[in-house]
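Here this note's numbering is used: the first residue of the sequence shown is 277, the next is one more, and so on.
Single-structure report; data block below.
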Amino acid sequence: MSHDAPPPARERPILFSAPMVRAILDGSKTQTRRMMKPQTVYGDVCGIFPSWYLPTGPDSGTLWPNGKEQILAMCPCGQPGDRLWVRETWRPQVSHSRGINACDYDDIWVDYVAGGDGQFLSGHDIPAG
Numbered sequence: 277m278s279h280d281a282p283p284p285a286r287e288r289p290i291l292f293s294a295p296m297v298r299a300i301l302d303g304s305k306t307q308t309r310r311m312m313k314p315q316t317v318y319g320d321v322c323g324i325f326p327s328w329y330l331p332t333g334p335d336s337g338t339l340w341p342n343g344k345e346q347i348l349a350m351c352p353c354g355q356p357g358d359r360l361w362v363r364e365t366w367r368p369q370v371s372h373s374r375g376i377n378a379c380d381y382d383d384i385w386v387d388y389v390a391g392g393d394g395q396f397l398s399g400h401d402i403p404a405g
């Protein structure tokens, strides 16, 4: 792996329940934990370093003691600079002019389960498909 340039940033969604989204929006939730699959300790993405050596930069990972040495494991969940965004549950809401089974509708909007304002579109602004 080249040390010249860090890997490009990626965008990754994190699914949250409605109560967690509300906690994020009101500022009472500022961090989260996620389970991850066990990772191979020895392999292409890991290395053994003396206990005094703490690597930093784009090739750094997580260190944990293993006797007289520490094991470096690269994080499979992303890199510094990646953008994580909250993915929340939503559903479309439609206002029909001719009953629920009609193809014509007056308005459509997104209803977020966590609450808050959804995106509203007039039926006249939605392209026919």
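No residue lacks a Cβ here, since even glycine has one placed at the ideal position from N, Cα and C.
query, result
"Taking the alpha helix (DSSP H) that V297 belongs to, which residues open and close that run?", "A294 to D302"
"If we count the other Cβ atoms within 10 Å of its Cβ and call it buried at 16 or more, is F325 buried or exposed?", "Below a pLDDT of 50, predicted positions are generally treated as unreliable, and F325, at 48, falls in that range; the measurement from the model is reported next regardless. It is exposed - the Cβ of F325 has fewer than 16 other Cβ atoms within 10 Å."
"With DSSP as the reference, identify every bridge partner of P368, one or two as the case may be.", "V386"
"Could you spell out the range, first to last residue, of the beta strand (DSSP E) harbouring P284?", "Looking at the DSSP string, P284 is not in any beta strand (DSSP E), and its letter there is neither H nor E."
"Looking at C-alpha atoms only, which residue of G391, D387 and R363 is the closest neighbour of F292?", "R363"
"Since V389 and A294 are thought to touch, with beta carbons under 8 Å apart, how far apart are those beta carbons, to the nearest angstrom?", "5 Å"
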